[in-house]
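Chemist: Chains as they are written, first to last, in our numbering: chain A, 634 to 1134; chain B, 2 to 642. Cβ coordinates follow ideal geometry from the N, Cα and C atoms, glycine included.
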């Protein structure tokens, strides 16, 4: 077993074993600690994955997916299923982000377990199981394996929302699980269509759409895109998200917004566009129109929203709209914008949910009408909230800018009346995004302190700062050096799009 | 070395600003101004601006021809974004002005944001974030100035919008400040939608966002005109040009040194500078220049007339900025970027001076309303004479700086109108020229009114005992008075005029910034007329406001032709109504469908379950009917096959 194969196994095995160990450890705090250590080790295991064979040399036909490391084992030989994992420039940033956010959430749980729920170590264990599922989704190079990992995430996430969430958690969790299960059914059918038509489930072979007739590609893309659109979520298939985000505990919201949604956009790029490029080309205008609708509807709803976490949840709809617009353009610029937009949204919205959770924990309300004057009593918290909001509205120089601006630029690059119109509307959506975040800050930060805010102590806990600081730094670092995310993406993206030339 | 200096120019203030943001925002002892964090913040802020000024001066000496440098920042699918600088005479001159004003503002703020005689005991100025945000603001503007790439320029451009937002909302005692801050950010951001799209058009066609590549690329006329018009939206937002000027007067809610910063060196100057930077493109798009000219003419007069009726001394100055930036964009529209940049530099000096002097007045009397001032001349002689210099330069009194630069603008417009020179149409020249001439008279009128109302006549607030400000406020004002008075004479120095040449202009002719000739008399006559009318009105009744001669127009001018209401009715209210409608639609329509299908499924299941809970006779009948149905089907299929 090479080092790379070992790492790939470790990335999945460590959190899985950690989850078991966290539950098995006697004592709640010790269990949480064990789980956090496992999450830390996972992060450490994801980092060296970058050291691989980045060869994009040579001309002529080469596979469209060239993993840096891969692990290919027979799994169920009778069904021709393989346990095929691999990592490349498209998946690696997402893998690291997942490991990082899980570590931060576990560390946060070490400090504070949401009130009114189960034990802390169970929460940590569930977070680790979710991590296994998400990491597996990003690493899988076999379509059936991809589907399996995609589904692993669902139930532990349900348990997190239903177990540790807000007042209306059971209904929200049920809605989340049923709605996304509906998406999964479509995914299953799509996977079946592809595998039955191509006779293989290997993504490396399938990418580029070779061997699939056009009709199959159209059907497969429709099914897969619908499935991923539910997860991303794409308007109008988004309505599970506000409820789930609002009711989930802080760490649940962070994982949900930070990385769980990315399974949808990642799947769209890697699986849907990769396996059925003809279908993608056929459906691109529809996808683009829906993405821009998501941007506009998401921002307008935020502009009229009066609950803190719900507002941030809806802002995700808008932000993912930019990501999906980038994908829909099917240009290298657009796909790279989508990749960095994915990462930026994970970092920034993760931070926003942490901060919203902190505000709600302190004031016991999320209603914008009852929050005011935060900067008077807790200037640091208000400052961080301001930073996160400004990052989220896509201020140039911070992480959110690249994905949004270049999604617009990619649409301009695509040219033609439709895409130019979409670019203009998306750019207007950017202005609306600024409008609702400024409205949020004006309500929450400025003005005289409301009774709920007036009694707050100014300080922040060390654990809070520890959990937030990496996200703040990342938002700044990715903004100043976008190459952190994109330096390895050009090769795979160009290979993915080579079929369109 | 030049590269290092170019990087240090925005880099040092940026670093200082980021470090400053880490200081405790509201430490213990902040109310008395004796805390350590405040001292650190002061050191950082002043040092950052001073280093930037030194770097700018060093570059002023070193740079005599365009220099470029940089490295690839990121490549997105074949579109290259560079992290680089592009220095030329214009860039270093503007950078020097920016750094100098920033340094003056940093020093001035030390005294201004301190517990003063009119403050509550408990006021906490939150100095560390304030100073850090000024540093960031400076860094952002310097980024715009030296950037060699449009995306990098956009970074500085929007960070400036953010900093203006933060600083305008800084004073926590003013209830109107947060709204003004949001307005400033949002209005400019709406303009930036166009700016981003314009940059996208230019960059996508050229395959690179590097300014040199963009300027070298040959665009189709349609693309170029569209891109330039889109860029103008951003320029109008940042430089407060009609119809996106509405944020600037409200931005007066910010602390006075911030007003000086926004109005003199940063923010409003950025739009003019960006057009000058990309002027070779605009020169090929006469339609865009014509639009710019129309907007400039409207803005000159709109700003000047609105300034006539304000009672708030800062608002008079704010509207005068709107009007003066209109002169700059007007100069750009008639194809005279050098004249525009010259006016930008002199305006930076005299407007910073005017705001800081106004700050000294406000500091002394505790109000911004001129109706409560009067008679300050004897009590505040230094401030008075500095204001005289500033207002003289603003109105264009020879030989103060504004006279020469405004004359340059008017001469260029006159040439465009009468001789048809310049890249745009002759009617644009006429429009800018006539608006500019009328603007001279109105400017002289409101400048005279400000001086008379605030400093002459009898004191209208007898209880206050005004006095000249302490040294830390006085020296920045005094030092700024020097360029405000004398910078115009620099136009006679060839090295100065040559540096204002836009680098793409390779005509080789010497740039003429001053035009000594008989046509200098026309603006002078108008100046005397405007000032004279104001003086006569004041002489008749020194206690009354000369603005009374405006009669029924006064409230209209005071509210700037009610354009705020128009904006509110046409943009703000429809958007919020649309937002509410979309929210309702999303919750009841889209989500209602989801919830409804869930409920329908549950009800269907319940119905079926109820059907199955039947009594024995009906159940038996059902089973028999089913059996019969199956039997029939089998029989039918059997017959058919």
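With 16 as the cutoff for other CB atoms within 10 Å, does residue 571(B) come out buried or exposed?
Modeler: By the neighbour-count rule (16 or more Cβ atoms within 10 Å), residue 571(B) is not buried but exposed.
Chemist: Can you tell me which of the three DSSP states residue 221(B) falls into?
Modeler: Coil at residue 221(B), not helix or strand.
Chemist: Quick check on residue 997(A) - is its C-beta less than 7 Å from some C-beta in chain C?
Modeler: Going by chain labels, chain C is absent from the structure shown, which instead holds the protein chains A and B.
Chemist: For a contact defined as C-beta to C-beta under 8 Å, what are the partners of residue 1067(A) on chain B?
Modeler: Here the neighbours are 186, 187, 190.
Chemist: Would residue 846(A) pass as an interface residue toward chain B - the criterion being a Cβ-Cβ separation below 7 Å?
Modeler: It does not; no Cβ of chain B falls within 7 Å.
Chemist: Assuming residue 892(A) and residue 767(A) form a contact by the criterion Cβ under 8 Å, report the distance between their Cβ atoms to the nearest whole angstrom.
Modeler: Contact holds; Cβ gap of about 5 Å.
Chemist: Would residue 1039(A) count as contacting chain B if we go by Cβ distances under 7 Å?
Modeler: By this cut-off, residue 1039(A) is an interface position.
Chemist: Hey, residue 947(A) and residue 934(A) are a contact pair by Cβ (cut 8 Å); roughly how many whole angstroms apart?
Modeler: Confirmed, Cβ separation roughly 5 Å.
Chemist: Is the CB of residue 603(B) under 7 Å away from at least one CB in chain A?
Modeler: With 7 Å as the cut-off, residue 603(B) does not count as an interface residue toward chain A.
Chemist: Counting only beta-carbon separations shorter than 7 Å, does residue 1023(A) have a partner in chain B?
Modeler: Closer than 7 Å: yes.
Chemist: Would you mind giving the Cβ-Cβ distance between residue 735(A) and residue 672(A), rounded to the nearest angstrom? I have them listed as a contact below 8 Å.
Modeler: Yes, they are in contact, since the Cβ atoms of residue 735(A) and residue 672(A) sit about 5 Å apart, within 8 Å.
Chemist: Please tell me whether residue 402(B) and residue 344(B) are closer than 7 Å, where the distance is taken between their beta carbons.
Modeler: The answer is no: Cβ separation not under 7 Å.
Chemist: Tell me the rounded alpha-carbon separation between residue 983(A) and residue 431(B).
Modeler: Taking the straight line from one Cα to the other gives about 56 Å.
Chemist: Below 7 Å on C-beta distance, what does residue 1071(A) contact in chain B?
Modeler: 183, 186, 187, listed in chain order.
Chemist: Determine the direct distance from the alpha carbon of residue 553(B) to that of residue 1(B), and round the result to whole angstroms.
Modeler: Chain B is shown from 2 up to 642; residue 1(B) falls before or after that span and cannot be answered.
Chemist: Return the residue from the list 913(A), 1051(A), 810(A), 637(A) that minimises the CA-CA distance to residue 925(A).
Modeler: It is 1051(A).
Chemist: Buried or exposed: residue 943(A), going by 16 or more other Cβ atoms within 10 Å of its Cβ?
Modeler: Looking at its Cβ environment, which holds 16 or more other Cβ atoms inside 10 Å, residue 943(A) is buried.
Chemist: Could you work out which residue in 802(A), 902(A), 776(A) is closest to residue 972(A) when comparing CA atoms only?
Modeler: Considering only alpha carbons, the answer is 902(A).
Chemist: 7 Å is my cut-off, CB to CB: does residue 693(A) come that close to chain B?
Modeler: Residue confidence is low: residue 693(A) scores 45 on pLDDT, short of 50, so the model does not pin down where it sits. No coordinate-derived value is stated.
Chemist: How is residue 637(A) classed by DSSP in three states: helix, strand or coil?
Modeler: Of the three classes helix, strand and coil, the one that applies to residue 637(A) here is helix, per DSSP.
Chemist: Does any C-beta atom of chain A lie closer than 7 Å to the C-beta of residue 271(B)?
Modeler: No, residue 271(B) lies away from the interface with chain A (no Cβ there is under 7 Å from its Cβ).
Chemist: Can you give me the start and stop residues for the beta strand (DSSP E) that residue 69(B) sits inside?
Modeler: Note, residue 69(B): beta strand (DSSP E), 68-77.
Chemist: Please report the straight-line C-alpha distance between residue 274(B) and residue 202(B), rounded to a whole angstrom.
Modeler: Cα to Cα, residue 274(B) sits roughly 20 Å from residue 202(B).
Chemist: With a CB to CB cut of under 6 Å and the five nearest residues on each side skipped, what residues in its chain are close to residue 299(B)?
Modeler: Closer than 6 Å at the Cβ level, and outside the excluded window around residue 299(B), lie 243.
Chemist: Where residue 179(B) and residue 1005(A) are concerned, what is the direct C-alpha to C-alpha distance, given to the nearest angstrom?
Modeler: Approximately 12 Å between the Cα atoms of the pair.
Chemist: Along the chain, which unbroken stretches of the beta strand (DSSP E) at least 3 residues long are found entirely within the region 858-932 of chain A?
Modeler: Taking only runs of at least 3 residues, no beta strand (DSSP E) segment lies wholly in the region 858-932 of chain A.
Chemist: Quick check on residue 998(A): does DSSP put it in helix, strand or coil?
Modeler: Residue state, collapsed to three classes: coil.
Chemist: Inspect the beta-carbon positions of residue 758(A) and residue 655(A) and report whether they are closer than 7 Å.
Modeler: Cβ distance < 7 Å, so residue 758(A) and residue 655(A) count as in contact.
Chemist: Measuring only between beta-carbons, confirm whether residue 690(A) sits less than 7 Å from chain B.
Modeler: With a pLDDT of only 47 at residue 690(A), under the threshold of 50, the placement of this residue in the model should not be trusted, and no figure is reported.
Chemist: Give the interface partners of residue 592(B) over in chain A, defined as CB-CB distance under 7 Å, in chain order.
Modeler: 872, listed in chain order.
Chemist: Return the CA-CA distance between residue 647(B) and residue 217(B), expressed in angstroms with no decimal places.
Modeler: Nothing can be reported for residue 647(B): it is not among the residues displayed for chain B, which extend from 2 to 642.
Chemist: Give the DSSP-derived three-state secondary structure of residue 708(A) in the structure shown.
Modeler: Note: residue 708(A) maps to strand in three-state DSSP.
Chemist: Quick check: residue 727(A) and residue 641(A), are their CB atoms within less than 7 Å of each other?
Modeler: Cβ atoms of residue 727(A) and residue 641(A): not closer than 7 Å.
Chemist: Which residues of chain B have a Cβ atom closer than 8 Å to the Cβ of residue 965(A), listed in chain order?
Modeler: Ordered by position in chain B, the residues that pass the 8 Å Cβ test against residue 965(A) are 77, 78, 79.
Chemist: Any idea which residues DSSP pairs residue 83(B) with across the strands?
Modeler: The partner list for residue 83(B) (beta bridge, DSSP) reads 73(B).
Chemist: Taking the C-alpha atoms as reference points, what is the distance between residue 249(B) and residue 320(B)?
Modeler: Roughly 8 Å between the two C-alpha positions.
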